[in-house]
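*Asks:* When you line the sequence shown up against our numbering, it's residues 154 to 518, in that order. A virtual CB, placed ideally from N, CA and C, is assigned to each residue, including glycine.
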Amino acid sequence: MKTITAGFPWSSADNCEIFIERGLLAHFTQIAEFRKKFSGVKKFAIITDENVCRLYAERVANSLNEAGFDVVIPYFTPGEQSKNIDTFFMLQNQLAENEITRSDAIIALGGGVVVDLAGFVAATYLRGIPFVQMPTTLLAMVDSSVGGKTAIDIPAGKNLVGAFHQPAMVVCDPDTLGTLPAENFADGMAEVIKHAMIECRRPEARTTSALLHMLNSEIPISENSGILADVIEANVKIKRDIVQRDEFDTGERQLLNFGHTIGHAVEKLSSFKISHGSAVAIGMSIITKSAVQKGQCAPECAEILENLLQKYNLPTHTDFSPQEIFEASLSDKKRTGGFIIEVIPRSPGVCELVKMPVGDLLDWI
Ligand code: NAD
Ligand code: GLY
154 MKTITAGFPW
164 SSADNCEIFI
174 ERGLLAHFTQ
184 IAEFRKKFSG
194 VKKFAIITDE
204 NVCRLYAERV
214 ANSLNEAGFD
224 VVIPYFTPGE
234 QSKNIDTFFM
244 LQNQLAENEI
254 TRSDAIIALG
264 GGVVVDLAGF
274 VAATYLRGIP
284 FVQMPTTLLA
294 MVDSSVGGKT
304 AIDIPAGKNL
314 VGAFHQPAMV
324 VCDPDTLGTL
334 PAENFADGMA
344 EVIKHAMIEC
354 RRPEARTTSA
364 LLHMLNSEIP
374 ISENSGILAD
384 VIEANVKIKR
394 DIVQRDEFDT
404 GERQLLNFGH
414 TIGHAVEKLS
424 SFKISHGSAV
434 AIGMSIITKS
444 AVQKGQCAPE
454 CAEILENLLQ
464 KYNLPTHTDF
474 SPQEIFEASL
484 SDKKRTGGFI
494 IEVIPRSPGV
504 CELVKMPVGD
514 LLDWI
């Protein structure tokens with residue numbers, strides 16, 4: 154079993170272990186660390202969405218029941234539209250009605266929407282209780298599983314209300330990707346490609362991105378790839394290294410926002426019909442082409458990015474106008490005063506944070 158440890162010296166959170174193994178949902182309760190961390194827990198609330206509930210909740214509940222835990226399963230309608238205050242209150246209420254106490258714990262079983270929502274519920278219910286993440290989309294495995302960002306959307310914008318709340322543990326079973334629709338797998342590949350484009354900012358940076366090398370192999374990565382667990386591990390490590398150095402997103406962690414200012418605007422303009430991964434792909438593509446045009450990025454960087462996005466069936470442009478995208482991005486939380494911090498690619502694997510007047514963003518778009 155692959156085991157990666159993330160430590161957070163700046164917050165009071167304990168180390169978080171990320172376990173990756175095929176079939177793990179059926180036997181995660183046998184992991185010694187799980188037994189140790191949750192020895193005082195009586196009841197787990199498995200928060201999930203309807204799709205994932207149908208597919209995997211029973212498997213997780215059976216594992217927990219066999220290990221002697223009680224289980225309740227609050228679930229909600231799948232999709233970004235549910236990541237809101239109404240679902241948040243509904244889940245909080247269900248926890249209270251099921252008498253979940255401070256010595257109990259939450260399991261977030263699902264994609265990024267479940268992880269963000271259940272994580273925010275865990276951060277706030279009874280002023281915070283422990284939670285375990287069980288990501289079931291590629292995006293949640295490679296991205297939301299690390300770093301403790303939890304959030305809901307409000308009408309003014311995406312992820313504008315939330316908290317940092319580190320999971321106690323992450324249980325990642327790549328077998329669950331076998332039921333994931335192809336377009337959702339592609340969404341996860343957008344974040345994988347993002348990590349490859351920023352990887353070399355690590356201090357132990359190599360001259361080329363190792364992940365980029367994996368992505369350039371002739372056979373595309375799929376849910377059946379022999380190297381899938383290696384790809385997930387590589388992504389988790391890239392993100393873990395960044396987040397450990399900047400847990401609260403005041404510096405280097407903002408590199409993970411590559412493509413996200415435009416991406417969030419595109420998601421919002423489409424009323425969330427364009428998925429997060431696709432929107433990020435569009436955002437990375439627009440900002441990279443613009444950086445090349447301005448002579449601020451090696452042209453080969455745009456070529457590599459475009460090829461990878463096409464290889465994984467991800468979009469590279471949108472019909473929304475630059476003005477529309479600009480206006481929709483004004484509520485972005487990366488904005489401070491009259492400035493916004495943008496992630497600008499320089500060469501394959503290397504991006505930089507650039508603080509620019511908000512007005513300049515229109516020109517970039
Ligand atoms: P999602 O959670 O909506 O899942 C996509 C769809 O796949 C849903 O319909 C879901 O029911 C279904 N599904 C999930 N697992 C499945 C499985 N194994 N088999 C079949 N169907 C399955 O979307 P997502 O792309 O996973 O996550 C997007 C969200 O993640 C966005 O809200 C984004 O803001 C958030 N996000 C958070 C972080 C973070 O660090 N917290 C990072 C990246 C993205
Ligand atoms: N997904 C970006 C971050 O966790 O910072």
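1. Note down, in chain order, each residue of its chain lying with its Cβ closer than 7 angstroms to the Cβ of ILE199, except the 5 sequence neighbours on either side.
2. At the 8 angstroms Cβ level, is ALA316 part of the contact set with chain B, yes or no?
3. From LYS155 to PHE172, what does the alpha carbon distance come to, in whole angstroms?
4. Is TYR465 helix, strand or coil when you go by DSSP?
5. With distances taken between CB atoms, is the gap from VAL507 to PHE473 smaller than 8 angstroms?
6. Any idea which residues DSSP pairs GLU505 with across the strands?
7. What's the C-alpha gap between SER311 and HIS180?
8. Strictly by DSSP, which residues pair up with CYS325?
9. Using DSSP's beta-bridge definition, name the partner residues of GLY310.
10. Which of helix, strand or coil does DSSP assign to THR201?
11. Sorry if obvious, but does the Cβ on ARG175 come closer than 7 angstroms to a heavy atom of the ligand GLY?
12. Hey, is the region 265-275 in contact with the region 298-306, meaning 3+ C-beta pairs nearer than 8 angstroms?
13. Taking all protein chains shown into account, decide if MET243 is buried (16 or more other Cβ within 10 angstroms of its Cβ) or exposed.
14. So PHE187 is in the alpha helix (DSSP H); what residue range does that whole segment cover?
15. What residues in its chain sit with their C-beta under 7 angstroms from that of VAL314, if we drop five residues either side in the sequence?
16. Which residues in the same chain have their Cβ closer than 6 angstroms to the Cβ of PHE197, if we skip the five residues on either side of it in sequence?
17. Please name the residue, chosen from THR489, GLU480, GLU459, that lies closest to PRO501 on a Cα-to-Cα basis.
18. Please report how far the alpha carbon of ILE439 lies from the alpha carbon of GLY412, in whole angstroms.
19. Out of SER484, GLY491, TRP517, state which residue places its alpha-carbon closest to the alpha-carbon of CYS498.
*Replies:* Concretely, from the data shown:
1. Within the same chain, ILE199 has close Cβ partners ALA210, VAL213, ALA214, VAL224, ILE226, ILE260, LEU262.
2. In the structure shown, chain B does not exist; there is a single protein chain.
3. When rounded, the distance between both Cα atoms is 6 angstroms.
4. Reduced to three states, the DSSP call for TYR465 is coil.
5. The Cβ-Cβ distance between VAL507 and PHE473 does not fall below 8 angstroms.
6. According to DSSP, GLU505 bridges with ILE497.
7. The identity of residue 311 in the sequence shown is Lys, whereas the question assumes Ser. Here the alpha carbons of HIS180 and LYS311 stand approximately 35 angstroms from one another.
8. CYS325 is bridged to ILE173.
9. Note: GLY310 sits in a beta bridge opposite ILE307.
10. Three-state DSSP puts THR201 in a strand.
11. Because no heavy atom of the ligand GLY lies under 7 angstroms away, the Cβ of ARG175 does not count as near it: no.
12. Touching, yes, given that three or more Cβ pairs across the two stretches are closer than 8 angstroms.
13. So MET243 ends up on the exposed side.
14. Element bounds for PHE187: 185-190.
15. Taken in chain order, the residues that qualify are ALA304, ILE305, ILE307.
16. Excluding residues within five positions, the ones whose Cβ falls inside 6 angstroms are LEU217, PHE222, VAL224, ALA258, ILE260.
17. PRO501 has its Cα closest to that of GLU459, out of THR489, GLU480, GLU459.
18. Take the alpha-carbon of ILE439 and the one of GLY412: they are about 8 angstroms apart.
19. Correcting the residue identity first, residue 498 is Pro in this sequence and not Cys. Out of SER484, GLY491, TRP517, TRP517 has the C-alpha closest to the C-alpha of PRO498.
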